[in-house]
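Heads up: the structure comes next, in structure tokens.
Protein chains: 2
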Amino acid sequence: MQDKYSEKILRVNLTEKKIETHSLSEDITRKYIGGSGLAAKILYEETFPNIDPLGEDNLLIFMAGPFTGTPVPCGRHSVVAKSPLTGIWGEASVGGYWGKELKRTGYGGIVIKGSSEEPVYLYIDNGEIEIRGAGYLWGKDNYEVDQVLKEEIGKDIVVSSIGPAGEKLIRISGIFTDGKDSRAAARCGLGAVAGSKKLKAVVVRGSKKPKVFYEEKLKKSLKEIIPSMREIPKRLKNLGTANLVIPCEQIGDFPIKNWREGEWDKAERISGEEMAETILLGHYHCAGCPIGCGRKVKISEGPYAGVEGAGPEYETLGLMGGSCLVDNLEAIAKANELCNRYGIDTIEVGGAIAFAMEAYERGLIKKEDAGGVSLRWGNPEALIEMIHQIGEGKGLGKLLGEGVARASQKIGGLALEFAIHSKGLAFPAHDPRAYNSIALGYATSNRGACHLQGFTHVFERGLTSPELGYSKVQEPFGQVGKGEFVAKLQNLMCLFDSLAICKFTLFGGVSVSNLLDWLNFITGWNMSLEEFMKAGERIFNLKRLYNVNCGVSRKDDTLPFRILTHKRGKGGAANNLPPLGRMLGEYYEYRKWNEYGIPSNEKLNDLEIKIK
Amino acid sequence: MQDKYSEKILRVNLTEKKIETHSLSEDITRKYIGGSGLAAKILYEETFPNIDPLGEDNLLIFMAGPFTGTPVPCGRHSVVAKSPLTGIWGEASVGGYWGKELKRTGYGGIVIKGSSEEPVYLYIDNGEIEIRGAGYLWGKDNYEVDQVLKEEIGKDIVVSSIGPAGEKLIRISGIFTDGKDSRAAARCGLGAVAGSKKLKAVVVRGSKKPKVFYEEKLKKSLKEIIPSMREIPKRLKNLGTANLVIPCEQIGDFPIKNWREGEWDKAERISGEEMAETILLGHYHCAGCPIGCGRKVKISEGPYAGVEGAGPEYETLGLMGGSCLVDNLEAIAKANELCNRYGIDTIEVGGAIAFAMEAYERGLIKKEDAGGVSLRWGNPEALIEMIHQIGEGKGLGKLLGEGVARASQKIGGLALEFAIHSKGLAFPAHDPRAYNSIALGYATSNRGACHLQGFTHVFERGLTSPELGYSKVQEPFGQVGKGEFVAKLQNLMCLFDSLAICKFTLFGGVSVSNLLDWLNFITGWNMSLEEFMKAGERIFNLKRLYNVNCGVSRKDDTLPFRILTHKRGKGGAANNLPPLGRMLGEYYEYRKWNEYGIPSNEKLNDLEIKIK
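Protein chains in written order, with the working numbering: chain A, 501 to 1112; chain B, 501 to 1112.
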């Protein structure tokens, strides 16, 4: 019997300059769906856990999913590799247009192995695939690369690239797409993996419409949901993700002074409202998105004149703003653009600079270490200067570009006290003290501290999911049941990242059944909700198993001691400390993981995962 | 005005072979009392925090206190140095007769600096002080050294010595006294400090009665308390500390299978009751003690025939028995004797072997690594063989002799999961899940995981202290108020270790007022309860400050993740997980420590401690 749904994968070996194509058959795509699920399967099976993330044995996997490029809105793709930042499972999900365009070439994913000796970029134009010299692009920033390649090849290409930071193997560098309408696979240092392979960019252009098995059914279903997706998330549409700054500061979720404080009376100055009234020029969308949360900003005057393009997202405002106490929106917009151009993760950058500011306050870093810049809290010039140093791998930036975990280990002593990360990944701008589920989620997320791997907090602030058994909004400070809740949501989010679709669609009323229906309409399968959720569980467990092979166990499923023991003290989450121990035990029990946090054989058999 | 109470200190420089005497005047003794308090003052002021604990800059301080050698029963002395096991504050308190005898020489303490090139021992006979060659003692075990020196010099000397383990700089070696009636400064690796100085022994003999300012008043007060000290702690008297095995297993306090399980049906086989019916020969006392908890045992037949001398204490039974699942009392008695002879800490040894057994179960240590011995749980032969290897610094023992923290770091990966220690010191045989105060106590104790530094658990099981505001027995699983409770008890225990007196006197009805009265009677002071408790607080904070200078901060005030997140599951403490975060915040607040866990300037000023 022929497969109803398979995925064509491009295999590129940069050492041998070899290009192959192979298909992933239905028995695999049905179990691992696509996106980060399929990528997990490939990384797990084809690499040893102890490889050097920056060596030629690491794979760099770009993987779209069944939804990407179809009429389902908000499709995405994942980038996966062993992370040079954390030494474990590395993934990042990206919106924009690149994933859609990849699917239109006829390929669902690209697995890149080996390393080129000289800079190259990969060119995929439908079936025409070339490894092209990129010496003339080396050193260019992401905005420039996008522009040069479009001028050279045509405006209808979509470019994923690394900036100078990825070239220099900076461990907090990412892979960026869509030029000035910037979208990024920012987390986990995947830019450095591309840099280690001397891969400057991957250019895609396609004209093939991805196959949809039941096209009419899909159209009909989408027609029903699109109006609510367009109407419900008004604040997100009007103010972008920056709409969260004010409410998150109020509920005690916003990082303030490197996670030391509970309130910040300057939050308004860097809010979505402030942006809308000042530097906002317009907004931009990912493929097919009816919301369009991306901000276009422009600064024409003053010290930050010249900024033009993507504006800062909530996470950027949280880490560079709140956590560094920088209340200058224009400076953050400039800093954000620099990060996009250099190709570095704004979360890691903000986290590292807040860390440096605390080290400076404590006398562990001196002004001369920072090239004469005062790293006092709130200094916008320090933010800008440190980003230049990080992006160029110079001065103190060389240390900070290693990420907070490594930087703190190199400084040692008290610096270990205030390096705010889990498993080496800096915290995004949501405080585990404001939601117990976020605490458990950061502690157990496979890529390290990440709110998107569980996305549980939105179900503790407004959303429900009757299909998963959560008909009521969950209690953020509750304890009982959090283990099961977080595990289920993590499984679901694995599906989002495999299909792959934006999690913000939840705000537009998209339900688990919608996702499953669409998957069945596209693939022609008749998958049940149970099988669907089990695929999510399988994907999560496989990533965990990858991490276990890298040395991860219960001891790593934790949070910085500051977060476990130091209250915010003021504001909306003044007195909560997440009871991680209790929740973790319940979580392991629900997941059927053993006392070390390793999936039991029973569970792995049930999920049809083979131990390597 | 002449000091009412000063302490004469012997200063020995082993590099320069120089001996000096100086006096600590009343402004110091009144603030730091004696014992580990005075030793803390000296170590803090006279050494840099970053010295090599096994280098000649480390000090090895023996310090008795105002009570030692007086008619107050159960006097002790402390041994203090920077710990080669933990790299931070190291102290151990010892009973027996050595402290008393030191005081009778006229000296209250000995501060040893530098290192000898050839083995030496220090001889103090009243005012006659010599550094003597000890080449002929090098390699001898502690029982032998005691015997040889007594045969040579006289039966009335008291010997503190190191065994072959201390000579070989094994980091879990201690300093032992009183030959076969063994008492030990076992914890923190102080034997290796002596070994690094090539100091085999310190021999004391004295005939001077320590001065008591109000002799009659002291006599009268003691006359009132002695009967209750003799009568109340019957189980302790009859069964030794081993009396705790059965009740502690029942309440979920006893370590089982490296802290993984909640019940052990073999506990009776290694209990005090079992010992009393089988190998018990008699008991022995520390100086002036009306209880006499020391066990004399003898084994005449079978594989462990030949054992004769000190029997295993509760801690030894907990770690070598319960934690290794060894239910053979005779084997543990043999193992205990071997530890006394080699001069190693039975707690660290039991902890390290239980750790090795778990590593063996997980396949991280193979049979061939262990010299062909099967490290299966409960194997008594493995216990014996590993102790030989540790004592001799050979084979796997070389690794285990580094202590569980270092051993786990060297093995890496999953081994880090089950290394049960705080700040590098292996857990004694009390489970933080059975008493929340013990959790907070282990996390904040200055020498690492230790129940004796707070001794709080006894106030959660029977004892009260109205003078400190605890008229009722405290709730072991309670949360509110634990911060203050633990801090106060730690301050009090600093006084016990400075006076220095055995904490078991609490079981005999000795109160805080008794201690204060006796101190005032001995010194002629008129110290108030407030001043007294403040001295305890000063001492605790000074030790903390020493640790802060060594790099300790909030991040280190924690427990192994197994203890924080994994329930015992069965037995008397089946479901409790200590809420460390909440308690720690309250504790810092009460102590007036800052957010990093560093004593505030305000607090240090109040305590008249100068920052170095």
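In this text, a Cβ means the ideal position worked out from N, Cα and C, and glycines have one as well.
Keep in mind it's a predicted model, so treat the numbers as computed, not measured.
- From the beta-carbon of PRO566/B, no residue of chain A is found nearer than 8 Å; the closest lies around 36 Å away.
- For TRP589/B, the enclosing beta strand (DSSP E) covers residues 589 to 594.
- Within chain A, the residues SER1053, ARG1054, LYS1055, TYR1096 have their CB atoms less than 7 Å from the CB of GLU917/B, given in chain order.
- The way I'd put it, the stretch 1030 to 1041 of chain A does touch the stretch 530 to 537 of chain A; three or more beta-carbon pairs between them come closer than 8 Å.
- Interface with chain B (8 Å Cβ-Cβ cutoff): LYS1067/A is included.
- Restricted to the stretch 560 to 615 of chain A, the beta strand (DSSP E) segments that are unbroken, complete and at least 3 residues in length are 560 to 564, 577 to 582, 589 to 594, 609 to 613, listed in chain order.
- A Cβ-Cβ distance of about 5 Å is found for the pair LEU781/A and LYS798/A, placing them in contact under the 8 Å criterion.
- Look at ARG687/B: its C-beta is not under 8 Å from any C-beta on chain A.
- Residues of the stretch 1082 to 1096 of chain A whose Cβ lies closer than 7 Å to any Cβ of chain B, in chain order: ARG1082, LEU1084, GLY1085, GLU1095, TYR1096.
- Cβ-Cβ distances below 6 Å link VAL659/B to ASP646, LEU649, ALA701, VAL703 in the same chain, with the five nearest sequence neighbours on each side left out; the list follows chain order.
- For GLY782/B, the enclosing beta strand (DSSP E) stretches over residues 780 to 784.
- The three-state reading of DSSP puts LYS867/B in helix, counting H, G and I together.
- Straight-line spacing of the CA atoms in ALA805/A and ALA870/A works out to 25 Å.
- Annotated three-state conformation of GLU507/B is strand, per DSSP.
- Within chain B, no C-beta atom comes less than 8 Å from the C-beta of ARG1044/A; the nearest is roughly 14 Å away.
- Cβ contact annotation for ASP641/B (same chain, cutoff 6 Å, sequence separation greater than five): GLY663, ARG841, in chain order.
- ILE670/B is classed as buried because its beta carbon has at least 16 other beta carbons within 10 Å across all chains shown.
- Per DSSP, GLU967/A is not a residue of any alpha helix (DSSP H), being assigned neither H nor E.
- A straight line joining the alpha-carbon of GLU628/A with that of GLY635/A spans about 21 Å.
- CA-to-CA, the gap between GLY893/A and GLY901/A works out to about 7 Å.
- Closest option to GLU591/B, judged by alpha-carbon separation, among TYR1088/B, GLU1102/B, ALA1000/B, PRO1099/B: ALA1000/B.
- At least 8 Å separates the beta-carbon of GLU830/A from that of ILE884/A.
- Taking a contact to require three or more Cβ pairs closer than 8 Å, the stretch 1007 to 1027 of chain B and the stretch 514 to 524 of chain B do not qualify as touching.
- By the CB criterion at 8 Å, LEU968/B and LYS988/B fall inside the cutoff.
- Looking at GLU1089/A, LEU736/A, THR677/A, the one whose alpha-carbon comes closest to that of SER771/A is LEU736/A.
- Within the stretch 922 to 956 of chain A, no residue places its CB atom closer than 7 Å to a CB of chain B.
- In this structure, HIS1066/B is the residue among ASN1076/B, HIS1066/B, GLY1097/B with its C-alpha nearest to the C-alpha of TYR1087/A.
- Shown here for GLY895/A: same chain residues with a beta carbon closer than 6 Å to its own, the five before and five after excluded, namely GLY871, GLN889 in chain order.
- Residues of the same chain with a CB within less than 6 Å of the CB of GLY1071/B, apart from the 5 flanking positions on each side, are GLY752, GLY762, GLU763 in chain order.
- For LEU543/B, the enclosing alpha helix (DSSP H) begins and ends at 535 to 546.
- In the DSSP assignment, LYS518/B falls outside any alpha helix (DSSP H) and within the unbroken beta strand (DSSP E) covering 518 to 524.
- Contact with chain A is absent for THR547/B, since none of that chain's Cβ atoms lies less than 8 Å from the residue's Cβ.
- Closest in C-alpha terms to ILE791/A, from the list GLU768/A, GLY679/A, GLU815/A, GLY595/A, comes GLY595/A.
- In the pairwise beta carbon analysis, the stretch 929 to 936 of chain B is classified as not touching the stretch 558 to 574 of chain B: fewer than three pairs are separated by under 8 Å.
- Within a 10 Å sphere around the beta-carbon of THR521/A sit fewer than 16 other beta-carbons, which makes this residue exposed.
- Nearest CB-CB separation between PHE1061/B and chain A: below the 8 Å threshold.
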